[in-house]
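Novice:
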Amino acid sequence: MQLTSIIAVAVVAAQGLVQGATICERVKNIVGEQLGVAMERVTDNAAFVEDLGADALDVVELIVAFEEAFNTKIPVEAARGINTVQSACNYIKLHQATQNSPIGC
């Protein structure tokens, strides 16, 4: 493999990591703002209900906020599985990756 090809692969991989980190930071900011909690409490493993004090309506509002912020639709079945900051990050990263990949990949 030529050096330019190796560099191109490294740049694409780094962009993916940065984009993933940016997604999670945006998710954390949305959660903190929507639930009115200190950002120190909004950790990757923080559960919306158990750790951050969200009720059912808060969770629905979070899902809507994620849909608006990331220009996506989250089906009800998928929304049921989004109960932590990390699960929200994972869903959005996966959805955006599949949405942006060329057909057949």
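With mature numbering (1 follows the signal peptide of the UniProt record, and there is no 0) applied, the sequence shown corresponds to residues -20 to -1, 1 to 85, in that order.
The beta-carbon is built from N, C-alpha and C at its ideal position, and this holds for glycine as well.
As the structure is a prediction and not an experimental result, all values here were calculated from the model.
Got a sec? Which residues, its chain only, sit under 8 Å from Ala58 by beta carbon, not counting five neighbours each side?
Specialist: Sequence index remark: in the sequence shown, residue 58 carries index 78 (1-based). Excluding sequence neighbours, Ala58 sits near Tyr71.
Novice: From Ala26 to Asp38, what distance separates their C-alpha atoms?
Specialist: For this step, residue 26 is matched to residue 46 along the sequence shown. For this step, residue 38 is matched to residue 58 along the sequence shown. In a straight line, the C-alpha of Ala26 is about 15 Å away from that of Asp38.
Novice: Going by DSSP, which residues form a beta bridge with Thr64?
Specialist: The residue labelled residue 64 in the question sits at position 84 within the sequence shown. Its beta-bridge partners are Ala27.
Novice: Would the beta-carbon of Val11 fall within 8 Å of that of Val29?
Specialist: The residue labelled residue 11 in the question sits at position 31 within the sequence shown. The residue labelled residue 29 in the question sits at position 49 within the sequence shown. Result no, Cβ atoms of Val11 and Val29 do not sit closer than 8 Å.
Novice: In three-state DSSP terms, what is Lys53?
Specialist: Locating residue 53 in the sequence shown gives position 73, counting from the first residue. Three-state DSSP puts Lys53 in coil, outside helix and strand.
Novice: Kindly list the residues whose CB is nearer than 8 Å to the CB of Leu74, restricted to its own chain and excluding five residues on each side of it in sequence; keep chain order.
Specialist: Your numbering for residue 74 matches position 94 in the sequence shown. Contacts found: none.
Novice: With a Cβ-Cβ cutoff of 8 Å, do Gln66 and Asp24 count as a contact?
Specialist: Here residue 66 is taken as the residue at index 86 of the sequence shown, counted from 1. Here residue 24 is taken as the residue at index 44 of the sequence shown, counted from 1. Closer than 8 Å, so yes.
Novice: Would you call Val44 buried or exposed, if buried means 16 or more other Cβ atoms sit within 10 Å of its Cβ?
Specialist: Translated into positions along the sequence shown, residue 44 becomes position 64. Val44 comes out exposed.
Novice: From the DSSP output, in three-state form, read off Leu32 for me.
Specialist: Numbered from 1 along the sequence shown, position 52 holds the residue referred to as residue 32. Reduced to three states, the DSSP call for Leu32 is coil.
Novice: Can you tell me the Cβ-Cβ gap for Leu42 and Gln14, rounded? I've got them flagged as a contact below 8 Å.
Specialist: To locate residue 42, count along the sequence shown from 1; it is residue 62. To locate residue 14, count along the sequence shown from 1; it is residue 34. The Cβ separation is near 5 Å, so the contact holds.
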